[in-house]
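So for the sequence shown, UniProt numbering puts the first residue at 1; every next one is plus one.
Down below is the structure, laid out as structure tokens.
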Amino acid sequence: MDRVEAFPMNVLKLRFGLPKGSLEEATIDLFAKAGYVVARNSRDYRPAIDDEELEVRLVRPQEIARYVEQGFLDCGITGRDWILENHADVHVICELRYNKTTSAPVKWVLAVHENSPIQKPTDLQGKWIATEAVNMVKQYLKRIGVEAHVEFSWGATEVKVPELVDAIVDITETGSSLRANHLRIVDTILESYPQFICSHAVWENKEKRKKLTSMALLLQSALNARNKVGLKMNVPKENLNAILKILPALRNPTVSPLADCQWVAVETILDESSVRELAPRLKEMGAEGIIEYSLNKIIY
């Protein structure tokens with residue numbers, strides 16, 4: 001049964017589900033760089049946001065896709081994995097390539113104890129598997145033609161091998177927790193990034209679709225600026241060509257005349273990690289007034 005709409009569809013008011021838990025801090029930081037300030041405390045599930053067209057709810061990512069499909073939420077951010085696990089029929093506005101600690105996707109992996117005789121997925125025939133993503137694992141086993149027992153795990157899944165189950169399917173970003181628990185990865189079932197989603201009914205509303213498209217642009221532009229910085233400097237005109245050859249840029253560096261016709265101003269965008277080696281070289285080549293500055297957004 002569909003949820004009762006709290007707002008008429010002709011009113012531009014969107015209930016936005018932000019992921020509560022491991023993705024929470026990274027998501028709120030992304031929103032801040034995109035221009036949205038979310039104010040919350042540790043027990044607040046209805047944080048304030050400086051946009052009167054949005055009402056934010058902090059919801060476990062496992063539930064967001066289902067709540068969007070049912071109409072309790074208009075839109076939200078949740079992993080591709082939880083959309084698949086819930087078989088949720090939602091509209092994906094865009095993929096957002098970030099995670100808790102890195103920009104790499106999280107992985108759902110099949111893992112066993114390091115001393116387990118299980119070496120390949122087909123060795124799971126008749127075995128017991130613990131996981132939070134029961135539906136996803138059952139679909140995986142069906143694809144590879146293996147019959148095994150799949151049980152839901154309420155947490156601390158890593159410690160259940162080998163005493164309670166033969167294998168687990170769990171989520172990992174860096175693999176450090178698996179290694180700490182002496183687990184070995186047998187296969188990767190799924191790679192997942194957060195998805196910006198909405199209900200089909202919301203997407204069919206012209207004004208709401210325009211709002212969500214604008215939000216997607218800002219969120220994507222904030223991700224584009226990740227690990228990028230701006231660099232500007234004054235350069236002797238006689239050294240300009242040599243400096244441009246070593247200077248990376250999205251397109252071409254911006255070169256502007258200065259009052260002193262023997263000098264020009266050069267500005268570019270580059271990877272932050274490259275500045276530590278590049279700046280001393282620029283100084284040696286005659287550049288002066290070198291300024292590095294942070295970026296919030298890059299809109300392509």
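Ideal Cβ positions, reconstructed from N, Cα and C, are used throughout, including at glycine.
Since the structure is predicted, the reported quantities are computational estimates derived from the model, not experimental observations.
Length of the line joining the Cα atoms of residue 69 and residue 88: The count along the sequence shown starts at 1 and reaches residue 69 at position 69. The count along the sequence shown starts at 1 and reaches residue 88 at position 88. Going by the C-alpha atoms only, they are around 6 Å apart.
Length of the line joining the Cα atoms of residue 216 and residue 55: As a position in the sequence shown, residue 216 is number 216, starting the count at 1. As a position in the sequence shown, residue 55 is number 55, starting the count at 1. Their backbone Cα atoms lie some 17 Å apart in a straight line.
Report the CB separation of residue 219 from residue 96 in whole angstroms; it is logged as a contact under 8 Å. Here residue 219 refers to the residue found at position 219 of the sequence shown. Here residue 96 refers to the residue found at position 96 of the sequence shown. Here residue 219 really is in contact with residue 96; their C-beta atoms are around 6 Å apart, less than 8 Å.
Here's the rule: buried if 16 or more other CB atoms are within 10 angstroms of the residue's CB, otherwise exposed. What is residue 121? The residue you call residue 121 lines up with position 121 of the sequence shown. Residue 121 is classed as buried because its beta carbon has at least 16 other beta carbons within 10 Å across all chains shown.
Limits of the unbroken beta strand (DSSP E) element including residue 149: Numbered from 1 along the sequence shown, position 149 holds the residue referred to as residue 149. Start and end: 149 to 152.
With DSSP as the reference, label residue 280 as helix, strand or coil. Numbered from 1 along the sequence shown, position 280 holds the residue referred to as residue 280. It is helical.
Which value, in whole angstroms, describes the spacing of the CA atoms of residue 129 and residue 114? Start at 1 with the first residue of the sequence shown, and residue 129 comes out as number 129. Start at 1 with the first residue of the sequence shown, and residue 114 comes out as number 114. If you draw a straight line from the Cα of residue 129 to the Cα of residue 114, it is about 16 Å long.
Can you tell me which of 21, 50, 93, 80 puts its alpha carbon nearest to the alpha carbon of residue 214? In the sequence shown, residue 214 corresponds to position 214, counting from 1. Of the listed residues, the one whose Cα sits closest to residue 214 is 93.
Please confirm if the segment 197 to 208 is in contact with the segment 73 to 82, defined as three or more CB-CB distances below 8 Å between the two stretches. yes
Can you tell me the Cβ-Cβ gap for residue 312 and residue 108, rounded? I've got them flagged as a contact below 8 Å. Outside the shown range of the chain (1 to 300) lies residue 312, about which nothing can therefore be said.
For residue 204, which option in 37, 24, 34, 90 has the closest C-alpha, if you only look at C-alpha atoms? Numbered from its first residue, the sequence shown carries residue 204 at position 204. The residue from 37, 24, 34, 90 with its alpha-carbon nearest to that of residue 204 is 90.
Cβ shell of residue 259 (< 7 Å), same chain only, five flanking positions each side left out: The residue labelled residue 259 in the question sits at position 259 within the sequence shown. Answer for residue 259: no residue qualifies.
Residue 301 versus residue 300 - alpha carbon distance: Residue 301 is absent from the model: the chain starts at 1 and stops at 300.
Is residue 233 helix, strand or coil by DSSP? Looking up residue 233 in the sequence shown gives position 233. Correct three-state label for residue 233: strand.
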